[in-house]
Amino acid sequence: NKPSILVARAVFPEVIARLQQHFDVEQNPADEPLSREQLVARLHGKAGVFTTGGERIDASLLAACPQLRICANMAVGYNNFDLPAMTAAKVLATNTPDVLTETTADFGFALLMATARRMAEGEHFLRAGKWNKWAYDMFSGSDVHGSTLGILGMGRIGQGIARRGAHGFGMKVIYHNRSRLSPELESECKARYVGKEELLRESDHLVLVLPYSAQSHHSIGAAELAQMKPTATLINVARGGIVDDAALAKALRERRIAAAGLDVFEGEPKVHPDLLTVPNVVLTPHIASATVPTRLAMANLAADNLIGYLVHGKPVTPLNPEVLGS
Ligand code: GLV
Ligand code: GLV
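Position 11 (the sequence shown) corresponds to 13 in the numbering used here; numbering is contiguous.
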């Protein structure tokens, strides 16, 4: 008698096949995000759920699903989980750290470069058939090499971006984080710890890589944007809501900063309409971890957590391990 689980969105067939060796697997056949009511209804009788970052797991859902024992997120970020509520309900939460670090750091750096060098603007111009002559000032951007790279949120992904900037592009790296890195990691990343004000003031390219929480909500709003250099670029590969998107669109329109590169948005997949009309922003649909091997590794790690916990009592990457002892 296998335990039952729900896979809330479509994922790799080979990962579903692995899960089916251990579980009765119910999938979301339409691959539309489930409404709250659908999620609760489908979770009825399930011991585990494979989530993908969009499914809100909170006290009222948990109260309606007393058989649920584990929620395995296929994402490193887990702001869709109310972790204290899950711990109180003795429901294990897991995420997918490490397997996406380098892939996501690559993308953060790609977005930085595309933004600094105005690649999206140039492409739109060319595709629109507007390229009919050379001009000395056509799409001049800002340099990446030798500039100051600022990182807000110095977790594993932030460190990956710092290494790329320092070692690959000779950038001066400064960072701000809740806690300082060890001296060894600071020297590996060639990164100097600074206060948030100095980070805002000194960065030529400021990359946001911090987790979303009530504390990080609107970490970058009008007041912070006003402290940045008018030539600066802002890159967000973290979460929507860390930036006040309306304030950012206004700052971009008024050229109070030069440009932004955004992979995440407040209320995504909706995007603030003002961001869609300003030219100096590169917009991508939350794809920083999207390479085939990395997405497969993330899906397999989420599956490992479900199998590890429900079959063997040992999850791989638990977020609230205190549930295990209780
Ligand atoms: C993606 O946003 C993730 O958190 O893995
Ligand atoms: C966050 O957990 C990160 O890996 O940066």
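For glycine and all other residues, C-beta sits at the position ideal for the given N, C-alpha and C.
Note that the structure is predicted; figures quoted are calculated from it, not measured.
Item, Value
"Member of 171, 170, 161 and 167 whose CA lies at the smallest distance from the CA of residue 178", "161"
"Limits of the unbroken beta strand (DSSP E) element including residue 264", "261-264"
"Other residues of its chain near residue 285: CB distance less than 6 Å, five sequence neighbours each side excluded", "264"
"From 259, 247, 292 and 283, residue whose alpha carbon lies closest to that of residue 272", "247"
"Coarse secondary structure for residue 301, derived from DSSP in three states", "helix"
"Beta bridge counterpart(s) of residue 176 as assigned by DSSP", "152 and 194"
"Heavy atom of ligand 1 within 7 Å of residue 243 beta-carbon", "no"
"Segment contact flag, the segment 83-102 with the segment 295-306, C-beta cutoff 8 Å, min 3 pairs", "yes"
"Residue 215 Cβ short of 7 Å to ligand 1 heavy atom set", "no"
"For residue 67 and residue 38, the rounded distance between their alpha carbons", "12 Å"
"Proximal residues to residue 242 (C-beta, below 8 Å), its chain only, five neighbours per side dropped", "214, 266, 267, 268, 269 and 270"
"contact_flag[the segment 226-234, the segment 253-261] where n(CB pairs < 8 Å) is 3 or more", "yes"
"Cβ neighbour criterion (16 or more within 10 Å) applied to residue 47", "exposed"
"Burial state of residue 206 (16 or more Cβ within 10 Å)", "buried"
"Counted within 10 angstroms of its Cβ, other Cβ atoms place residue 2 as buried (16 or more) or exposed", "Shown here, the chain extends from 3 to 328; a query on residue 2 therefore has no answer."
"Buried or exposed by the 16-neighbour rule on C-beta atoms within 10 Å, applied to residue 129", "exposed"
"Alpha-carbon to alpha-carbon, residue 183 and residue 191", "10 Å"
"Residues that DSSP places opposite residue 95 in a beta bridge", "73"
"Secondary structure of residue 26, DSSP reduced to three states", "strand"
"Alpha-carbon to alpha-carbon, residue 107 and residue 194", "19 Å"
"Residue 269 Cβ short of 7 Å to ligand 1 heavy atom set", "no"
"Limits of the unbroken alpha helix (DSSP H) element including residue 126", "121-129"
"Among 95, 116 and 212, nearest to residue 325 - alpha-carbon criterion", "95"
"N-terminal and C-terminal residue of the alpha helix (DSSP H) that residue 289 is part of", "From DSSP, residue 289 is part of no alpha helix (DSSP H); its letter is neither H nor E."
"Beta-carbon gap between residue 54 and residue 88 smaller than 8 Å", "no"
"Per-residue DSSP class, three states only, for residue 237", "strand"
"Extent of the continuous beta strand (DSSP E) run through residue 37", "Counting along the chain, residue 37 falls outside any beta strand (DSSP E), and DSSP gives it neither H nor E."
"Meets three-Cβ-pair contact criterion under 8 Å: the segment 273-292 and the segment 132-146", "no"
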